[in-house]
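Report on the structure given below.
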Amino acid sequence: MFRHSIAAGGAAVRLALAAALTTAGLTGSAEAASMRRIITMVAVEAKGGTTVDKEPFPSAALPEGKGYELEAPNAEGRWEVSTYRWEPNQIIVNQGDEVMLEILGVNGAEHPSMIVGYDINFTVKRGQLTTVTFTADKAGVFEFRCGTHQPSMVGELIVLPGS
Ligand SMILES: [Cu+2]
């Protein structure tokens, strides 16, 4: 749903963003010029848990894949849930921007990943900063995904169309 509204309303979103930037004094005109963009990201694992005396173990399974894990109660009745994520998982740039993603691996040994539609492959490793640079020359919505931790470790690169 959201993806469709972005795709259909890209021009409106771009104008709104340009207006917001102008209001903030970040650009002199309603048309944002191509910029160098540096976006810091992390590969993280969100975790939570409790015990069955406080909350029952969920009866519904989570989607298949290594992106979600639901551990059954242990001998003490404690159960855990975890998921791998990109943070942020939505990136908005203007067409023509020179984009640099600086991605720190915090959880998980490695994340072999790609930006679908941009033919960009990269691997994020724990404790290392992976730099991904590209020119956002194609407008549209593009998935970036880890090949291991699906279906949760996915995000959207939104490239707003140029004039
Ligand atoms: Cu991963």
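The sequence shown maps to residues -32 to -1, 1 to 131 in mature numbering (1 follows the signal peptide of the UniProt record, and there is no 0). Ideal Cβ placement from N, Cα and C applies to all residues, glycine included.
Beta strand (DSSP E) containing residue i: first to last residue?
| i | result |
| --- | --- |
| residue 98 | 97 to 103 |
| residue 4 | 4 to 19 |
| residue 82 | 78 to 83 |
| residue 62 | 58 to 62 |
| residue 89 | 88 to 93 |
| residue 112 | 108 to 114 |
| residue 72 | 66 to 73 |
| residue 123 | 122 to 128 |
Taking only heavy atoms of ligand 1 into account, decide whether any of them is closer than 7 Å to the Cβ of residue i.
| i | result |
| --- | --- |
| residue 9 | no |
| residue 36 | no |
| residue 121 | yes |
| residue 116 | yes |
| residue 76 | yes |
| residue 52 | yes |
On the criterion of 16 or more Cβ atoms from any shown chain inside 10 Å, does residue i qualify as buried, or is it exposed?
| i | result |
| --- | --- |
| residue 57 | exposed |
| residue 125 | buried |
| residue 67 | buried |
| residue 65 | buried |
| residue 51 | buried |
| residue 71 | buried |
| residue 59 | buried |
| residue 120 | buried |
| residue 104 | buried |
Could you check whether the Cβ of residue i sits closer than 8 Å to any Cβ belonging to chain C?
| i | result |
| --- | --- |
| residue 64 | The chain inventory of the structure shown lacks chain C, comprising one protein chain alone. |
Anyone know if the C-beta pair for residue i and residue j falls short of 8 Å?
| i | j | result |
| --- | --- | --- |
| residue 69 | residue 9 | yes |
| residue 16 | residue 63 | no |
| residue 13 | residue 75 | yes |
| residue 80 | residue 98 | no |
| residue 84 | residue 102 | no |
| residue 93 | residue 77 | yes |
Please give me, in chain order, every unbroken run of the beta strand (DSSP E) with length at least 3 that falls completely inside the stretch 20 to 45. Taken in chain order, the unbroken stretches of beta strand (DSSP E) that lie wholly in the stretch 20 to 45 and span 3 residues or more are 36 to 39.
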